[in-house]
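Q: Just so you know, the protein sequences line up as chains X and U, in that order. When we follow this note's numbering, the leftmost residue of the first sequence carries the number 3, and every step to the right adds one. When we follow this note's numbering, the leftmost residue of the second sequence carries the number 245, and every step to the right adds one.
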Amino acid sequence: RKRHLAGLVSKNRQKREVSETGHMAFSKTLLRWRLMGEGYSSQLTVDEQRYIFRLAFRMWSEVSPLDFVEDTSSPLEDIDIRLGFGTGRHLGCNQRFDGTGREFAHAWFLGDIHFDDDEHFTAPNTGSGISLLKVAVHEIGHVLGLPHIYRPGSIMQPSYLPHEAGFEMDWMDRKAIQHLYGGCKGRFNTVFDWIRKERTAYGEVVIRFNTYFMRDDWYWLYENRNNRTRYGDPVALQVGWRGIPTGGVDAYVHVWSRKRDDVYFFKGTQFWKYNQDQDQAFTQDQEGRRYPRRISEGFPGVPSPIDTAFYDRRESRIYFFKNSLVYGFDVGANSLARGFPKRIRDVFPPVVSGDHPDGNVDAAYFSYTHNAVFLLKGTGFWQVVGSRDRWRRPFLPRNGLLPRKEVDTQWFDICNVHPAALRM
Amino acid sequence: EKLFHKRDHSDVQSGSSHQAELITDKFTAELFLSRYGFMKPVNWEEIQFHDADDADSPFTDDYLDDVDVRIQEGASSQNPRVTAQDVGPTPAQAQEFTSALEEFQRVSGLPVTGVFDEATKTAMNKPRCGVPDKEVELSNSDDSTAVDTFNETVRTNIGGGNSSEGDIFNFNTTDASNDTNTNDTDDFKGFGDVINGTHDANTDSKMENMSVNVHQNEPNRR
Numbered sequence: 003r004k005r006h007l008a009g010l011v012s013k014n015r016q017k018r019e020v021s022e023t024g025h026m027a028f029s030k031t032l033l034r035w036r037l038m039g040e041g042y043s044s045q046l047t048v049d050e051q052r053y054i055f056r057l058a059f060r061m062w063s064e065v066s067p068l069d070f071v072e073d074t075s076s077p078l079e080d081i082d083i084r085l086g087f088g089t090g091r092h093l094g095c096n097q098r099f100d101g102t103g104r105e106f107a108h109a110w111f112l113g114d115i116h117f118d119d120d121e122h123f124t125a126p127n128t129g130s131g132i133s134l135l136k137v138a139v140h141e142i143g144h145v146l147g148l149p150h151i152y153r154p155g156s157i158m159q160p161s162y163l164p165h166e167a168g169f170e171m172d173w174m175d176r177k178a179i180q181h182l183y184g185g186c187k188g189r190f191n192t193v194f195d196w197i198r199k200e201r202t203a204y205g206e207v208v209i210r211f212n213t214y215f216m217r218d219d220w221y222w223l224y225e226n227r228n229n230r231t232r233y234g235d236p237v238a239l240q241v242g243w244r245g246i247p248t249g250g251v252d253a254y255v256h257v258w259s260r261k262r263d264d265v266y267f268f269k270g271t272q273f274w275k276y277n278q279d280q281d282q283a284f285t286q287d288q289e290g291r292r293y294p295r296r297i298s299e300g301f302p303g304v305p306s307p308i309d310t311a312f313y314d315r316r317e318s319r320i321y322f323f324k325n326s327l328v329y330g331f332d333v334g335a336n337s338l339a340r341g342f343p344k345r346i347r348d349v350f351p352p353v354v355s356g357d358h359p360d361g362n363v364d365a366a367y368f369s370y371t372h373n374a375v376f377l378l379k380g381t382g383f384w385q386v387v388g389s390r391d392r393w394r395r396p397f398l399p400r401n402g403l404l405p406r407k408e409v410d411t412q413w414f415d416i417c418n419v420h421p422a423a424l425r426m
Numbered sequence: 245e246k247l248f249h250k251r252d253h254s255d256v257q258s259g260s261s262h263q264a265e266l267i268t269d270k271f272t273a274e275l276f277l278s279r280y281g282f283m284k285p286v287n288w289e290e291i292q293f294h295d296a297d298d299a300d301s302p303f304t305d306d307y308l309d310d311v312d313v314r315i316q317e318g319a320s321s322q323n324p325r326v327t328a329q330d331v332g333p334t335p336a337q338a339q340e341f342t343s344a345l346e347e348f349q350r351v352s353g354l355p356v357t358g359v360f361d362e363a364t365k366t367a368m369n370k371p372r373c374g375v376p377d378k379e380v381e382l383s384n385s386d387d388s389t390a391v392d393t394f395n396e397t398v399r400t401n402i403g404g405g406n407s408s409e410g411d412i413f414n415f416n417t418t419d420a421s422n423d424t425n426t427n428d429t430d431d432f433k434g435f436g437d438v439i440n441g442t443h444d445a446n447t448d449s450k451m452e453n454m455s456v457n458v459h460q461n462e463p464n465r466r
């Protein structure tokens, strides 16, 4: 038995390394976990236990570059994190549980998490007992390398606090895990602010917006006031945006003027018009046009596929980006504006020489929060100089691009989860 | 099966033997603080055994009258031969306990009094994670097992002559390789630090190996 255990140690040892911060951490981003068959709880169904653990792992995945997948078939030595319930002497562990009260669980550096089945573990939102979800999130934090944190509100507090409705990981906990594993980075297909018009109780029309980031087949709602994504995101694209193509889109454009209020999604050589009232893509609009339509039909002179696009309300133009060129499209004239296409560098010159995306922009995004346009490429972005910037610094070129910054320094914690976790 | 009678299992019972031992006094509080890293565990390398004929020995116990340091961990409150209360803390140890208590009070958001008061007792008895709050420092480790149990070999001088072959220091013991050790009285449920020592009087050397099983569950230690 000791030789077998020693063998497990040697196979697992290379998975950990000292991260750049000097702390121990997993050296890979996809971690496999399993609820051990000999360690089921007697208090919840197996399916409940597995669901809670899936959710716990997903919560960490939502705030870190780590992905977790439940693996019930691989050899045990390939499992990174093993979970189980036990009482007293349990699961070959050298640390006894103490019975009902005080210690409810512990975690070992090789990835084992043990829960004291003498405690009254309950499912989330039950209101009584000890939330298994909360304990699991805490112990997973230890496995990932976090120590106890004494800050009120931290999930890594050593003492258990009774059920809080919908507990989540706050800013400091997120930064703690990102200190070990880094932030979440990646390219986006498109970013946009979705406009909604609502009427107050007094009949007044107010404009509300929400920010969305899209990547491949999923999307996030970004809460600007909270500097994070919505809890529980990402969501599968088809859930929130019915009728738009799978695999992601190239661009989103909202043509919003006195006369028009149209939303378009672009992918490949086609585009879709979105029915804001019905919350799904049109198959046929009020004018009788069927969708998807060819870009060349709806926007003559614009090539396809495009890299990205955005609508400039100041000039009533849609700027389409493709490679190193930008195509200014006059929506009123329904044709390319005079002089286009032009080089992106000429329309959006660099403020600092050499600091420019050049071409192949991933997303062009007008933000109502910042009242500015951003060009995103890779993991970085450039902010377009606005009128307020030029009022303060008149030497800035019109539509100039300010120096590059990392996306995750402006929009935080937009993290992938494993595809298996997309549908809980 | 845990006994219950109601349909919704709301009256499920735990056996009284499965209740965690409460922190009720300074001794159990000290064990708590040691377990979770607020105090250093007993460093067995500091144990000095002197000749049993030493008339200055304060101990009267036959087995332990050659031990001149207070045994903190692993001693059983039911052991008639030795208890921590029998020997009392040294001033340094009392200060260490006070400092550890203050640290615990500080991180727990309690008034930092250095006194084992009711609020501190309540806080210690709250449900908590079994991972220590602070690293437990040890001199060396042998991580040949997958559960992070390591044996620390402590070399001590043992006075010869008065010990018999096979004498076992009478502490609670658990053997890491034997999960069903009946000697484990487990008086400190969940605390687990134990020693297991034997003395072989036939050896010429006055050096004695004491194997000490100390476990820690710091997830960031290899």
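Each residue gets a CB set at the ideal place from its N, CA and C atoms; glycine is no exception.
#1: What does Gly-382(X) reach in chain U if we use C-beta pairs closer than 8 Å?
#2: Hey, Leu-354(U) and Leu-277(U): beta-carbon distance below 8 Å or not?
#3: Please list, in chain order, the chain U residues whose beta carbon lies closer than 8 Å to that of Ser-29(X).
#4: In chain U, what lies closer than 8 Å to Gly-103(X) by C-beta?
#5: DSSP on Pro-352(X), reduced to helix/strand/coil?
#6: For the segment 188 to 253 of chain X, list the alpha helix (DSSP H) runs that are entirely contained and at least 4 residues long, ordered along the chain.
#7: With 8 Å set as the bound, which would you pick, yes or no: does the beta-carbon of Asp-100(X) sit closer than that to a beta-carbon of chain U?
#8: For Gln-282(X), which residues from the same chain have a beta carbon less than 6 Å from its beta carbon, with the 5 sequence-adjacent residues on both sides left out?
#9: Note down, in chain order, each residue of its chain lying with its Cβ closer than 6 Å to the Cβ of Gly-405(U), except the 5 sequence neighbours on either side.
#10: Spell out a yes or no on whether the segment 92 to 100 of chain X and the segment 142 to 157 of chain X are touching, meaning 3 or more CB-CB pairs, one atom from each, closer than 8 Å.
#11: Using only CA atoms, which one of Arg-210(X), Phe-28(X), Arg-60(X) lies nearest to Thr-202(X)?
#12: Would you kindly work out how many angstroms separate the C-alpha atoms of Arg-350(U) and Ala-367(U), rounded to a whole number?
#13: From Asp-391(X) to Val-237(X), what distance separates their C-alpha atoms?
#14: How is Arg-291(X) classed by DSSP in three states: helix, strand or coil?
#15: Mind checking if Asp-377(U) is an interface residue toward chain X, Cβ cutoff 8 Å exclusive?
#16: Are the C-beta of Ser-43(X) and some C-beta of chain U separated by less than 8 Å?
#17: Applying the criterion that 16 or more other CB atoms from any shown protein chain within 10 Å of the CB defines a buried residue, is Tyr-233(X) buried or exposed?
#18: Between which two residues does the beta strand (DSSP E) containing Met-283(U) stretch?
#19: Taking Arg-34(X) as the reference, give the member of Gly-41(X), Ser-43(X), Gly-249(X), Phe-59(X) with the closest Cα.
#20: Taking Cβ positions, are Phe-267(X) and Val-251(X) nearer each other than 8 Å?
#21: Comparing the C-beta of Gly-374(U) with each C-beta of chain X, is any distance below 8 Å?
#22: For the beta strand (DSSP E) that contains Ser-318(X), what are its first and last residues?
#23: Below 8 Å on the Cβ atoms is my guess for Gly-88(X) versus Gly-143(X); work out the distance and round it to an integer in Å.
#24: Pull out every residue of the segment 70 to 100 of chain X whose Cβ sits closer than 8 Å to any Cβ of chain U, in chain order.
#25: At the 8 Å Cβ level, is Pro-236(X) part of the contact set with chain A, yes or no?
#26: Starting from Tyr-370(X), trace the alpha helix (DSSP H) in both directions and tell me its first and last residue.
#27: Check for me: the beta strand (DSSP E) holding Met-158(X) runs from which residue to which?
#28: Got a sec? Which residues, its chain only, sit under 6 Å from Tyr-280(U) by beta carbon, not counting five neighbours each side?
#29: Which term fits Pro-49(X), buried or exposed, when burial requires 16 or more other beta carbons within 10 angstroms of its beta carbon?
#30: In its own chain, which residues sit with a C-beta less than 8 Å from the C-beta of Leu-327(X), not counting the 5 before and 5 after it?
#31: Taking only heavy atoms of the ligand COA into account, decide whether any of them is closer than 7 Å to the Cβ of Phe-350(X).
#32: Check each candidate in Asp-82(X), Ile-297(X), Asp-235(X), Ser-337(X) and name the one with the smallest Cα separation from Leu-424(X).
#33: Using the DSSP secondary-structure output, state which residues sit across from Asp-118(X) in a beta bridge.
#34: Which term fits Lys-269(X), buried or exposed, when burial requires 16 or more other beta carbons within 10 angstroms of its beta carbon?
#35: Can you give me the start and stop residues for the beta strand (DSSP E) that Asp-332(X) sits inside?
#36: Checking 8 Å against the spacing of the C-beta atoms, do Val-353(X) and Leu-398(X) come in under that value?
A: On the basis of the data shown:
#1: Those within 8 Å of Gly-382(X) in chain U number zero; the least Cβ separation is about 32 Å.
#2: no
#3: Under the 8 Å cutoff, chain U gives no residues; its nearest Cβ is about 13 Å from Ser-29(X).
#4: Gln-263, Ala-264, Leu-266, Asn-369, Pro-371
#5: strand
#6: 239 to 242
#7: yes
#8: Arg-244, Gly-245
#9: Unreliable placement is indicated for Gly-405(U), whose pLDDT of 36 sits below 50; the coordinate value is still reported in the next sentence. So no residue of the chain qualifies.
#10: no
#11: Arg-210(X)
#12: 12 Å
#13: 36 Å
#14: coil
#15: yes
#16: no
#17: exposed
#18: Premise fails: Met-283(U) is in no beta strand (DSSP E) and is neither H nor E.
#19: Phe-59(X)
#20: yes
#21: yes
#22: That residue, Ser-318(X), is in no beta strand (DSSP E); it is neither H nor E in DSSP.
#23: With a Cβ gap of about 20 Å, Gly-88(X) and Gly-143(X) do not count as contacting.
#24: Thr-89, Gly-90, Arg-91, Gly-94, Cys-95, Asn-96, Gln-97, Arg-98, Phe-99, Asp-100
#25: No chain A is present in this structure, whose protein chains are X and U.
#26: Segment: none, Tyr-370(X) is in no alpha helix (DSSP H) and carries neither H nor E.
#27: That residue, Met-158(X), is in no beta strand (DSSP E); it is neither H nor E in DSSP.
#28: Pro-376, Asp-377
#29: In the sequence as displayed, the identity of residue 49(X) is Asp instead of Pro. By the 10 Å Cβ count, Asp-49(X) comes out exposed.
#30: Pro-343, Lys-344, Arg-345, Ile-346, Gly-361
#31: No copy of the ligand COA occurs in the structure displayed, which carries no ligand at all.
#32: Asp-235(X)
#33: Gly-88(X)
#34: buried
#35: 327 to 332
#36: yes
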